[in-house]
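**Student:**
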Amino acid sequence: MKIIQRPYLGELEMAVLEYLWAKGAFDANGVHAALGKTRGISHNTIQSTLERLYKKKLLTRQKVSRAYVYEASVSRDELMGRMITDVVHTLVDDDADSMLAAFVDIAARSDEAHLERLEQLISEYRSKRCDKTPS
44 MKIIQRPYLG
54 ELEMAVLEYL
64 WAKGAFDANG
74 VHAALGKTRG
84 ISHNTIQSTL
94 ERLYKKKLLT
104 RQKVSRAYVY
114 EASVSRDELM
124 GRMITDVVHT
134 LVDDDADSML
144 AAFVDIAARS
154 DEAHLERLEQ
164 LISEYRSKRC
174 DKTPS
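Numbering (the working numbering), first residue to last: 44 to 178.
1. Under three-state DSSP, which class holds residue 65?
2. Which two residues bound the contiguous beta strand (DSSP E) that contains residue 109?
3. Return the chain-ordered list of same chain residues with a C-beta closer than 7 Å to the C-beta of residue 56, the five sequence neighbours on each side being excluded.
4. Mind checking which residues open and close the alpha helix (DSSP H) that includes residue 76?
5. Using the C-alpha atoms, what's the distance from residue 114 back to residue 63?
6. CA-CA distance, residue 58 and residue 153?
7. Report yes if the CB atom of residue 158 is closer than 8 Å to the CB atom of residue 151, and no otherwise.
8. List the endpoints of the continuous alpha helix (DSSP H) containing residue 117.
9. If you compare alpha carbons, which of 164, 68, 147, 169 is closest to residue 104?
10. To the nearest angstrom, how far is the alpha carbon of residue 47 from that of residue 127?
11. Report the residue from 112, 108, 101 whose alpha carbon sits nearest the alpha carbon of residue 120.
As structure tokens, this is what we get:
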């Protein structure tokens, strides 16, 4: 079994990303007011978290006055896709059948609507792929 050596996103990093996806660009003070105070987290911890996410290229930043304003540089769907791709490449190697079976199992266990959505996404993907194929 391989050991995953990809950068890990902690709970606070994910909470910050979720906040920025939902609310847009903010400086450390704004993020701290929304997340830090209710969690009992210092302003410095929020600032460090924003800086880590910036270094991981998940945030962009722009200097406004004396503070940086941070914004997500990837969408939630894009990040999820990257994370899943990393896990799949790390664990699966050439065993794509196991990976596909796991996705179907997860969709089926959550509820019937997720399984139907998976079927819809596959159908949409096939349609797009056929549209791009030269005639």
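Where a beta carbon is used, it is the ideal one built from N, C-alpha and C, also for glycine.
**Tutor:** Working from what's here:
1. Note: residue 65 maps to helix in three-state DSSP.
2. Looking at the DSSP string, residue 109 is not in any beta strand (DSSP E), and its letter there is neither H nor E.
3. The answer, listed in chain order, is 92, 95, 96.
4. It is not in any alpha helix (DSSP H) - residue 76 carries neither H nor E in the DSSP assignment.
5. Rounded to whole angstroms, the gap between the alpha carbons of residue 63 and residue 114 is 6 Å.
6. Approximately 23 Å, taken between the alpha carbons.
7. yes
8. Here residue 117 belongs to no alpha helix (DSSP H), and DSSP marks it neither H nor E.
9. Looking at the Cα atoms, 68 is the closest of the given residues.
10. Unreliable placement is indicated for residue 47, whose pLDDT of 41 sits below 50; the coordinate value is still reported in the next sentence. Their backbone Cα atoms lie some 12 Å apart in a straight line.
11. 101
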